[in-house]
Amino acid sequence: MHASTPDVAADVAPDAPVEAPRVVIIGCGALARELLALTKGIPGVKVHGVDARLHMQPSRIAGAVEERIRKTRAVYGDDVRIFVAYADCGTGGTLDAALEREGVERIAGAHCYEFYAGSAAYAALQEEELGTFYLTDFLARQFESLVLVGLGLDRHPELMDDYFGSYRRLVYLAQTDDDDLTARARAAADRLGLAFERRPTGFGQLAPAIHHAIAGGS
């Protein structure tokens with residue numbers, strides 16, 4: 005099963021009549037459910053996703069986001085307000101460089117683990133145990149396809165120690181109170197041979213960032 009972006013607005017054909025939204029949120033597909041929940045029922049707001057599988061190839065994220073920004077402006081006009089729901093996500097600053105060229109802001113942080121947990125709480129987790137592997141709701145759902153298949157461990161299980169030998173625990177940063185997802189996350193920890201912890205985070209810093217963007221932040 006591919007880690008596709010569920011229920012996110014599809015591309016609009018250039019010749020289709022469209023009503024320009026007030027705000028377009030361009031976000032990682034891994035945040036699709038959360039972004040749709042945060043924007044549900046708010047008029048004039050659209051969510052467009054970028055394939056979550058690019059996290060396996062972070063060097064491609066900046067280009068994909070920049071392309072999505074340009075497509076959005078081609079459809080809705082150059083004046084449409086855009087906010088990017090991505091952290092740096094391993095791009096090494098290339099995403100920020102692309103967003104500076106386009107004049108678009110993003111959510112603060114190095115990755116979604118930081119903005120879900122909160123910067124201080126994430127730093128504390130790292131201080132407790134540097135060898136921590138993190139899951140979110142999305143990654144708990146997609147562990148098999150994104151982690152095991154994505155890293156080739158389904159075909160080469162002998163590489164498990166190469167990838168995860170330095171980890172000691174798996175921390176599930178839970179956006180929802182879902183017994184099935186908790187069971188999946190625990191099974192993932194068992195599969196990797198790691199201690200398991202669950203930390204409820206809700207939407208963390210994602211929620212105020214999106215609300216601020218919709219309200220017309222600076």
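According to my numbering, the sequence shown holds residues 5 to 222 in order.
C-beta: ideal position from N, C-alpha, C; glycine also.
Just checking Ala-114 against the ligand GDP - is the residue's beta carbon closer than 8 Å to any of the ligand's heavy atoms? No copy of the ligand GDP appears in this structure; indeed no ligand is present at all.
Anyone know if the C-beta pair for Ile-218 and Leu-39 falls short of 9 Å? As a first step, residue 218 is located in the sequence shown; it is residue number 214 there, counting from the start. As a first step, residue 39 is located in the sequence shown; it is residue number 35 there, counting from the start. No. Outside cutoff.
In chain order, what residues of the same chain lie with their CB nearer than 6 Å to the CB of Ala-225, ignoring the 5 residues before and after it? Residue 225 is absent from the model: the chain starts at 5 and stops at 222.
By the three-class DSSP mapping on this structure, what secondary structure does Glu-201 have? Counting from one through the sequence shown, the residue named residue 201 turns up at place 197. Glu-201 falls in the strand class under three-state DSSP.
Count the C-beta pairs between the stretch 202-211 and the stretch 116-127 that are closer than 8 Å, then say yes if the count reaches three, no if not. yes
Beta-carbon proximity check, Phe-147 vs Leu-139, cutoff 9 Å: Here the question's residue 147 lines up with position 143 in the sequence shown. Here the question's residue 139 lines up with position 135 in the sequence shown. Yes, the pair counts as a contact, with Cβ atoms nearer than the cut-off.
Backbone CA spacing between Lys-50 and Ala-36 [nearest angstrom]: On the sequence shown, position 46 is the one that residue 50 refers to. On the sequence shown, position 32 is the one that residue 36 refers to. Their Cα atoms are separated by approximately 12 Å.
Would you say Tyr-90 and Ile-73 are within 9 Å of each other, going by their C-beta atoms? Start at 1 with the first residue of the sequence shown, and residue 90 comes out as number 86. Start at 1 with the first residue of the sequence shown, and residue 73 comes out as number 69. Result no, Cβ atoms of Tyr-90 and Ile-73 do not sit closer than 9 Å.
Tell me the DSSP secondary structure of Lys-44 in three-state form. Here residue 44 is taken as the residue at index 40 of the sequence shown, counted from 1. Correct three-state label for Lys-44: coil.
Reference Gln-130; option with closest CA among Tyr-171, Gly-31, Leu-42: The residue you call residue 130 lines up with position 126 of the sequence shown. Comparing Cα positions, the closest option is Tyr-171.
Residue nearest to Glu-201 in terms of C-alpha spacing, selected from Glu-132, His-216, Gly-156: Locating residue 201 in the sequence shown gives position 197, where the first residue counts as 1. The candidate whose alpha carbon is nearest that of Glu-201 is Glu-132.
Ile-111 bridges to which residues according to DSSP? The count along the sequence shown starts at 1 and reaches residue 111 at position 107. Answer is none; Ile-111 lacks a bridge partner.
My output table needs one value for Cys-93: the three-state DSSP class, helix, strand or coil. Numbered from its first residue, the sequence shown carries residue 93 at position 89. Residue state, collapsed to three classes: coil.
Buried or exposed (CB count within 10 angstroms, at least 16 for buried), Arg-85: Within the sequence shown, the letter at position 81 stands for residue 85. By the 10 Å Cβ count, Arg-85 comes out buried.
Is the distance from the Cβ of Val-108 to the Cβ of Phe-87 below 9 Å? Along the sequence shown, one-based indexing puts residue 108 at 104. Along the sequence shown, one-based indexing puts residue 87 at 83. Yes, Cβ-Cβ distance for Val-108 and Phe-87 is below 9 Å.
Neighbourhood of Pro-204 by C-beta, 6 Å cutoff - its chain only, sequence neighbours within 5 removed: Walking along the sequence shown from the start, residue 204 turns up at place 200. Cβ neighbours of Pro-204 beyond the five flanking positions: Ala-178.
From Ile-65 to Pro-161, what distance separates their C-alpha atoms? Locating residue 65 in the sequence shown gives position 61, counting from the first residue. Locating residue 161 in the sequence shown gives position 157, counting from the first residue. Ile-65 and Pro-161: Cα-Cα distance of roughly 28 Å.
Which residues in the same chain have their Cβ closer than 6 Å to the Cβ of Gly-48, if we skip the five residues on either side of it in sequence? Position 44 of the sequence shown holds residue 48. Once the five neighbours on either side are set aside, the close Cβ partners of Gly-48 are Pro-25, Arg-26.
If you follow the beta strand (DSSP E) that Thr-136 is part of, which residue opens it and which one closes it? Against the sequence shown, residue 136 aligns to sequence position 132. Here the beta strand (DSSP E) through Thr-136 covers 136-139.
Near Leu-163, what residues of its chain come up, given a Cβ to Cβ distance below 8 Å and the 5 sequence neighbours on each side ignored? The count along the sequence shown starts at 1 and reaches residue 163 at position 159. Within the same chain, Leu-163 has close Cβ partners Leu-155, Gly-156, Leu-157.
Inter-residue Cα distance where the pair is Arg-77 and Asp-183: Stepping through the sequence shown from its first residue, residue 77 is reached at position 73. Stepping through the sequence shown from its first residue, residue 183 is reached at position 179. So the alpha carbons of these two residues sit roughly 41 Å apart.
Counting only the same chain and skipping the five closest in sequence on each side, list residues whose C-beta sits under 8 Å from that of Tyr-167. The count along the sequence shown starts at 1 and reaches residue 167 at position 163. These residues qualify, in order along the chain: Leu-155, Leu-157.
Between which two residues does the beta strand (DSSP E) harbouring Tyr-176 extend? Taking the sequence shown and counting its residues from 1, one reaches residue 176 at position 172. Start and end: 173-178.
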